[in-house]
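**Q** Numbering follows the numbering used here, with no gaps: position 17 of the sequence shown is 17.
Even glycine gets a Cβ: it sits at the ideal position worked out from N, Cα and C.
Since the model is a prediction, treat every value here as computed from it, not as a measurement.
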Amino acid sequence: MQLASLLKQRKAQTQSHNMKAPLSILLLLSFSCVAQAEEDPRYKLTMSEPHKIEFLSEMRQMLASINGILEGIANDNREQVIQAAKYSGMRMARATPDEVRKHLPQDFQDIGGPTHKLFEEMAIRAEVEELSDLISLTADITSQCLACHARYRAD
């Protein structure tokens, strides 16, 4: 309830290129941790153990892509940004096994699809734009991640 409001506020900050993103993310995570201390209200994605392992592996890869993007920007390494972004783009989405995909609600897919497209956009924009200008797009990607992790869990 309050988390959804904070996520909307975070999205508005991102669109206005507010550079206070790290503070907002820390606040969101702290609210999320408080909510989890009582009862986790997020929708539980139910799947077999092998499918859960595959699914969580993809989530970790997306986090690794974000890390690679940030490192590439920090080190002025355009190729690192491009490769990290491509790894979590639409190729990853298409490679998700149908057996995993069938356990994902449509609302989850409605968040995930655009997230993979944002990674694709990152790869394209990293070819021509100043890397420092891609921080805002990185914040957009992590906002998608936060929105999904605020609604769903796989345990």
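Out of 85, 54, 38 and 59, which has the shortest C-alpha to C-alpha gap to residue 134?
**A** Residue 134 sits at position 134 when you count from the first residue of the sequence shown. Checking every option, the nearest Cα to that of residue 134 belongs to 85.
**Q** Of the choices 41, 152 and 123, whose alpha-carbon is the least far from that of residue 89?
**A** Walking along the sequence shown from the start, residue 89 turns up at place 89. The candidate whose alpha carbon is nearest that of residue 89 is 123.
**Q** Helix, strand or coil: which one does DSSP assign to residue 102?
**A** Here residue 102 is taken as the residue at index 102 of the sequence shown, counted from 1. Coil at residue 102, not helix or strand.
**Q** State the beta-bridge partners of residue 87 as determined by DSSP.
**A** In the sequence shown, counting from the first residue as 1, residue 87 sits at position 87. According to DSSP, which records beta bridges pairwise, residue 87 is partnered with nothing at all.
**Q** Spatial neighbours of residue 76 within its chain, please: CB distance less than 7 Å, with the 5 preceding and 5 following residues excluded, ordered by chain position.
**A** As a position in the sequence shown, residue 76 is number 76, starting the count at 1. Only 131 meet the Cβ criterion.
**Q** Just to confirm, are residue 118 and residue 137 a CB contact at a threshold of 8 Å?
**A** Numbered from its first residue, the sequence shown carries residue 118 at position 118. Numbered from its first residue, the sequence shown carries residue 137 at position 137. A contact, by the Cβ cut-off of 8 Å.
**Q** DSSP three-state call for residue 153: helix, strand or coil?
**A** Stepping through the sequence shown from its first residue, residue 153 is reached at position 153. Three-state DSSP puts residue 153 in a strand.
**Q** Just curious, the alpha helix (DSSP H) that residue 65 is in, first and last residue?
**A** Position 65 of the sequence shown, counted from the first residue, corresponds to residue 65. Note, residue 65: alpha helix (DSSP H), 49-74.
**Q** Nearest by alpha-carbon distance to residue 43: which of 106, 127 and 95 is it?
**A** Here residue 43 is taken as the residue at index 43 of the sequence shown, counted from 1. Closest option to residue 43, Cα to Cα, is 106.
**Q** Where residue 153 and residue 108 are concerned, what is the direct C-alpha to C-alpha distance, given to the nearest angstrom?
**A** The residue given as residue 153 occupies position 153 in the sequence shown. The residue given as residue 108 occupies position 108 in the sequence shown. Answer to the nearest angstrom: the Cα atoms are 11 Å apart.
**Q** Identify the residues that DSSP records as bridge partners of residue 44: which are they?
**A** Stepping through the sequence shown from its first residue, residue 44 is reached at position 44. 153.
**Q** Which whole-angstrom value describes the C-beta separation of residue 69 and residue 81, a residue pair presumed to lie in contact below a C-beta threshold of 8 Å?
**A** Residue numbering aside, residue 69 sits at position 69 when the sequence shown is read from its first letter. Residue numbering aside, residue 81 sits at position 81 when the sequence shown is read from its first letter. The pair is a contact, with the Cβ atoms about 5 Å apart (cut-off 8 Å).
**Q** Residue 96 by DSSP, collapsed to three states: which one?
**A** As a first step, residue 96 must be located in the sequence shown, where it is residue number 96. Note: residue 96 maps to coil in three-state DSSP.
**Q** Enumerate in chain order the residues of its own chain whose CB-to-CB distance from residue 121 is below 7 Å, with the five nearest sequence positions on each side excluded.
**A** In the sequence shown, residue 121 corresponds to position 121, counting from 1. Excluding positions up to five away in sequence, the list reads 137.
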